[in-house]
Amino acid sequence: MLTSMFFSLVTILSQSDSTINLETLVVSANRTEQRIENTTVSVDVLPQRLLTSKTNSKIEQVIQMSPGVTIQDGQANIRSGSGWSLGAGSRVLVLIDDLPLLSPDAGGAIWNAMPMEAIEQIEIVKGAASSLYGSSALNGVIHLRTWEPTEKVRLRVSTMTEIYDRAKINSLNWTDQRRAQGAIRFAYSDSKGKNSEHGWVLHGQAFNDQGFQYLVGDKSVRVHGKYRYKPSNNLEIGLNANAWSSDRSSSLIWEDYRYGYTPLDSSATITQSNLGSINGYLKIRNGRLLQTVRTRWLGYQNISGLDTNNYDNSSNAVHLEYLAQLFSNDHWTYTAGALFSSSAMQSPLFSGDHLSDNQALFVQINGHFDKLDFTIGSRWERYSIDEIESSKPVLRLGAHYKISEGAHLRSSFAQGYRFPTVAEMYSSSAAGALKVFPNPNVNPESGWTSEIGYKQLFNFNSKIRGYLDVALFQTRFNNMMEFTFGQWGSSPGGDQLSNFGFKSLNVGPTRISGIETILAGEVDLGKINIQSMLSHTYSNPISLEPEKVYAYDSRDIAMSFNSTSLDPSRRMLKYRYRNTVKGDIEAIWRMLSMGMSIRYNSVMENIDEVFTSPLISIFVPGVQDSRYSMPNGDLFVDLRSQYRFNKNWKAQAGILNVFNRLSSPRPALLSKSRSFMLQISYELN
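The letter at position 394 of the sequence shown is residue 1614 when you use this note's numbering, and the numbering goes up by one with no holes.
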């Protein structure tokens, strides 16, 4: 697709009058600030227009516009590094202001607790980043950087409403009343004192989603506070506090494809969740040496709303990290650090109480010269849950070379490592009629990512500016973990479906190779300014040992990739897309702007075969029907407009999923129908 344009464009672009500098600074690639074109790995920074001009109800809607990133039923993956796997720990680490925000029990991203109203920048690092960030960064990092205190008052207040339209398939419409969701958000920052030594940020949200599925919805409230004391450039002390509470209901599987918005047995799982955290940091600069200490306490609780299935659980986690960076001169930066974290979890869901610990030591050297940048780093990681422990060193290497003005070449190799979560090892619960079975013998997974990329910046007569980026990548995983669906129970009689469910297994070695192309630009037509981005990611995720038996079910039947796959002919891993396309364009004229976004995922070629087997299809009908009805993949088009009444007030309107298309991001789940959004905002400075 876009890849075929590359070689013909390079010659043209390199002959442009001059090149532009992206003028974007990122910190996630090396844990130190650098220009994005000088990084040794692929890093995407989402355009601000996707945060401020597009009406978004949830942060996932913004993140899934990043090239090569998909979010399936709440699980993020980068370049097919993961598929859908119920309750599995994330291979993508989500950071908020340098600290991870994954649930201590299952290691999943808590999206609703993330502060989208005060996001300053979203950075996405692609590929293994374990040497910098630890276990959960096996497939990459999503880093949300929030507002910092400002010298003058900065304020943003908004109210948002989204109304769900009726689905094209009439049987899906379980009610004649329009369902909706809405939010009220605010963000405020300021500072006082000599040289603004006292600074603070306060922001939060009240959210109510009636849901488009029967009995499925979400009500939540959260608030975040940040205080910074900075008497000089050599000393900075910060204290942050967050609180979030949610009452939500969810559904795992549908009644039938024809009634895909109705949960099986017309029942939903009801959960009340509470999260609180207190973070602190200290930065001391002594000449060229910068030392940083970060610490955090986080408490997380889920309370079951059902008497018949008690899955109450709670956890407390502490995090302590020390980082030292020596900027010895203009060419060399040395980074070293240590980490300690511990989590205590209590729940009948996990068959009792569990304690997990993580310790790490890491070191990195960055060299920066006129045309050459390089990185070498290593990390030693130790994990333990109760009496089970594992440790492993990981390595990263990377280089960037400035070929000419505006032409940049990069290459990297990085190892990754991920220890299973408590939920993957010990979860023993029910998801509707299906069960989740424990497996304390599951092993850690490891792997590596290699990449070579080329970035060409261009500027034609100061009227057309932008860049072209092409990356070839390959990822290998050993002992890949997946929650695998099968018959793991052997209870006689009664509800036979209760013998089926999910179990975490090591499914063997895998390889993911592909190419990603991004073309982004800005066109100045005088009174009209046009900004755009188009990307195509092709990946080929395959099993390297498809015939290898990795488990036996309760009937003593051997399980392998071939025997569990609906279509093993091409060895493609389950729940992946071979092609993804993202596009966004916005035109700005005076106080008015209009934009359009597109997302395309090719057909999900392979899923668990058991979902279409005669026994399961009796209880969970329609999975195969949904696949037959969506033979061309998923294409979604969103439209938006924004009008500024003055420098403070603006109104935004949008239509999501304009053509009212359905998709099935995983078996027995349908995406929402078309929706209409309206947002009114007040902004100061």
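A virtual CB, placed ideally from N, CA and C, is assigned to each residue, including glycine.
Could you check whether residue j and residue i sit closer than 7 angstroms to each other, using their CB atoms as the reference points?
i: ILE1875; j: LEU1859; result: yes
i: TYR1687; j: ALA1740; result: yes
i: TYR1795; j: LEU1725; result: no
i: ASP1325; j: SER1535; result: yes
i: SER1471; j: VAL1436; result: yes
i: HIS1620; j: ASP1593; result: yes
i: TRP1708; j: PHE1633; result: no
i: TYR1481; j: GLN1433; result: yes
i: GLN1899; j: MET1285; result: no
i: ARG1360; j: ILE1298; result: In the sequence as displayed, the identity of residue 1360 is Gly instead of Arg. Going by C-beta atoms, GLY1360 is nearer than 7 angstroms to ILE1298.
i: GLU1665; j: ARG1638; result: yes
i: LYS1372; j: ASN1866; result: no
i: GLU1417; j: LYS1450; result: yes
i: SER1887; j: VAL1830; result: The sequence given here has Pro at residue 1887, not Ser. The answer is no: Cβ separation not under 7 angstroms.
i: ASP1476; j: PRO1788; result: no
i: SER1880; j: SER1861; result: The question names Ser, but residue 1880 in the sequence shown is Asn. No.
i: SER1785; j: ASN1821; result: no
i: ILE1732; j: THR1704; result: no
i: SER1469; j: SER1901; result: no
i: ALA1426; j: ALA1338; result: no
i: ASN1782; j: LYS1723; result: no
i: ARG1602; j: SER1351; result: no
i: GLN1760; j: GLY1734; result: In the sequence under discussion, the amino acid at residue 1760 is Asn, which differs from the Gln named in the question. In contact: ASN1760 and GLY1734 (Cβ atoms closer than 7 angstroms).
i: PHE1697; j: VAL1642; result: no
i: ILE1362; j: VAL1314; result: yes
i: TYR1758; j: ASN1799; result: yes
i: ASN1522; j: THR1491; result: yes
i: THR1737; j: VAL1690; result: yes
What does DSSP give as the partner residue(s) for residue i in the beta ladder?
i: ASN1578; result: SER1561 and TYR1603
i: GLU1644; result: In the DSSP output, where bridge partners are listed per residue, GLU1644 has none listed.
i: PHE1184; result: Any question about residue 1184 goes unanswered here, given that the chain covers just 1221 to 1905.
i: LEU1509; result: ASN1506 and LEU1546
i: ARG1442; result: GLN1425 and TRP1464
i: ASN1586; result: THR1553 and THR1595
i: GLY1673; result: ARG1630 and ALA1691
i: ARG1657; result: Per the sequence presented here, residue 1657 reads as Phe, with Arg not at that position. Beta-bridge pairing links PHE1657 to LYS1723.
Counting only beta-carbon separations shorter than 7 angstroms, does residue i have a partner in chain C?
i: ASN1821; result: Although the question refers to chain C, the structure presented lacks it and comprises just one protein chain.
Using three-state DSSP, classify residue i as helix, strand or coil.
i: THR1554; result: First, the amino acid is wrong: residue 1554 is Tyr here, not Thr. Looking at TYR1554 - three-state DSSP - the assignment turns out to be strand.
i: PHE1633; result: strand
i: ARG1478; result: helix
i: ARG1269; result: helix
i: GLN1281; result: helix
i: LEU1321; result: coil
i: MET1336; result: helix
i: ASP1485; result: helix
i: GLU1257; result: helix
i: PRO1568; result: helix
i: SER1234; result: In this prediction, SER1234 has a pLDDT of 44, which is less than 50 and means its spatial position is unreliable; nothing more can be read from the coordinates.
i: SER1356; result: helix
i: TRP1420; result: strand
i: LYS1515; result: Correcting the residue type first, residue 1515 is Thr in the shown sequence and not Lys. Looking at THR1515 - three-state DSSP - the assignment turns out to be strand.
i: TRP1869; result: strand
i: ASN1241; result: The predicted model places ASN1241 with a pLDDT of 46, which falls under 50 and marks its position as unreliable; any figure quoted below should be read in that light. Reduced to three states, the DSSP call for ASN1241 is coil.
i: ASN1530; result: coil
i: SER1497; result: strand
i: TRP1304; result: coil
i: ASN1536; result: strand
i: SER1470; result: strand
i: THR1800; result: strand
i: ASN1782; result: helix
i: SER1350; result: helix
| said: Quick check for students: name the residue ranges of the beta strand (DSSP E) that lie wholly in the segment 1693-1775, counting only runs of 3 or more. | reply: 1701-1707, 1720-1726, 1730-1744, 1748-1763 and 1769-1772
| field | beta strand (DSSP E) runs contained entirely in the segment 1363-1415, provided each spans 3 or more residues | value | 1374-1384 and 1400-1412
| said: With three or more beta-carbon pairs closer than 8 angstroms as the criterion, would you say the segment 1482-1495 touches the segment 1851-1866? | reply: no
| message | Restricting to runs no shorter than 3 residues, where is the beta strand (DSSP E) found entirely within the segment 1805-1857? | response | 1812-1821
| request: Tell me, please, whether the segment 1327-1346 touches the segment 1430-1446 by the rule of three or more beta-carbon pairs shorter than 8 angstroms. | output: yes
| message | Measuring CB atoms only, is the segment 1545-1559 touching the segment 1265-1275, in the sense that at least three cross pairs come out at less than 8 angstroms? | response | no
| field | Three or more C-beta pairs below 8 angstroms linking the segment 1244-1264 and the segment 1336-1349 | value | yes
| query | Quick check: the segment 1455-1464 against the segment 1493-1501, are there 3 or more CB pairs under 8 angstroms? | reply | yes
| task | Would you check if there are 3 or more beta carbon pairs closer than 8 angstroms linking the segment 1802-1818 to the segment 1758-1778? | result | no
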